[in-house]
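Q:
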Amino acid sequence: MVLEARGEAHSQRAASDYDPTRRIGAADPITCPRCGCKYVVTSATGKLRRYRYYTCFIRARYGPAGCCAARIDADLLDDGVAEALIDFIRLNDLTVKLASSRVGKTNSAAIGG
1 MVLEARGEAH
11 SQRAASDYDP
21 TRRIGAADPI
31 TCPRCGCKYV
41 VTSATGKLRR
51 YRYYTCFIRA
61 RYGPAGCCAA
71 RIDADLLDDG
81 VAEALIDFIR
91 LNDLTVKLAS
101 SRVGKTNSAA
111 IGG
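The opening position of the sequence shown corresponds to residue 1 in full-length UniProt numbering, with each subsequent residue numbered one higher.
1. Based on DSSP bridge pairs, tell me the residues matched to S43.
2. With a CB to CB cut of under 6 angstroms and the five nearest residues on each side skipped, what residues in its chain are close to R34?
3. Would you call the CB atoms of V41 and R59 closer than 8 angstroms?
4. Considering only the alpha carbon of each residue, which of T31, Y62, S100 lies closest to Y54?
5. Three-state secondary structure (DSSP) at I30?
6. Taking Cβ to Cβ, would you say S43 is nearer than 8 angstroms to R49?
7. Give me the Cα-Cα distance between N92 and A82, rounded to the nearest whole angstrom.
8. Using 10 angstroms around the beta-carbon of A99, count the other beta-carbons present and answer buried if the total reaches 16, otherwise exposed.
9. Using the three-state DSSP reduction, which class does S11 fall into: helix, strand or coil?
10. Which first and last residues belong to the alpha helix (DSSP H) in which A60 is found?
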């Protein structure tokens, strides 16, 4: 009975969607400040939910003895990147509108309007 439960849990874990080679949403993956390896997505199951982290590849493979760089909360980082991207798009849109209105005013003044 116990072995069956263990086997089932192991097969579920093996069949999960975890992919250590999956790239982070940014164009370049995060580089570990300690060892220079790339960060990969890892997860841990807590009492209430599953937590996602960005973890140095060496730490993910060998544990804290391999690399002592801190794990990064993936949800917080993803939210921060999304907010920064939205702010960038809004600022860029505002800059384009402002530049367009100034070009329009300059053209009107040159024409004599």
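Don't be surprised by glycine CBs; every beta carbon is placed ideally from N, CA and C.
A: Judging by the given coordinates:
1. On the sequence shown, residue 43 is found 43 positions in, with the first residue counted as 1. Answer by DSSP bridge pairing, in chain order: R52.
2. Sequence index remark: in the sequence shown, residue 34 carries index 34 (1-based). Answer for R34: C67, A69, listed in chain order.
3. Taking the sequence shown and counting its residues from 1, one reaches residue 41 at position 41. Taking the sequence shown and counting its residues from 1, one reaches residue 59 at position 59. Contact: no.
4. Here residue 54 refers to the residue found at position 54 when the sequence shown is read from its first residue. Comparing Cα positions, the closest option is T31.
5. Here residue 30 is taken as the residue at index 30 of the sequence shown, counted from 1. Note: I30 maps to coil in three-state DSSP.
6. Within the sequence shown, residue 43 is the residue found at index 43, counting from 1. Within the sequence shown, residue 49 is the residue found at index 49, counting from 1. In this structure, R49 does not lie closer than 8 angstroms to S43 by Cβ.
7. Translated into the one-based positions of the sequence shown, residue 92 becomes position 92. Translated into the one-based positions of the sequence shown, residue 82 becomes position 82. Answer to the nearest angstrom: the Cα atoms are 15 angstroms apart.
8. On the sequence shown, position 99 is the one that residue 99 refers to. Answer is exposed; the Cβ neighbour count stays below 16.
9. Counting from one through the sequence shown, the residue named residue 11 turns up at place 11. A caution first: S11 carries a pLDDT of 49, below 50, which makes its placement in the model too unreliable to give a value.
10. Along the sequence shown, read from residue 1 onward, the residue named residue 60 stands at position 60. 57-62 is the extent of the alpha helix (DSSP H) around A60.
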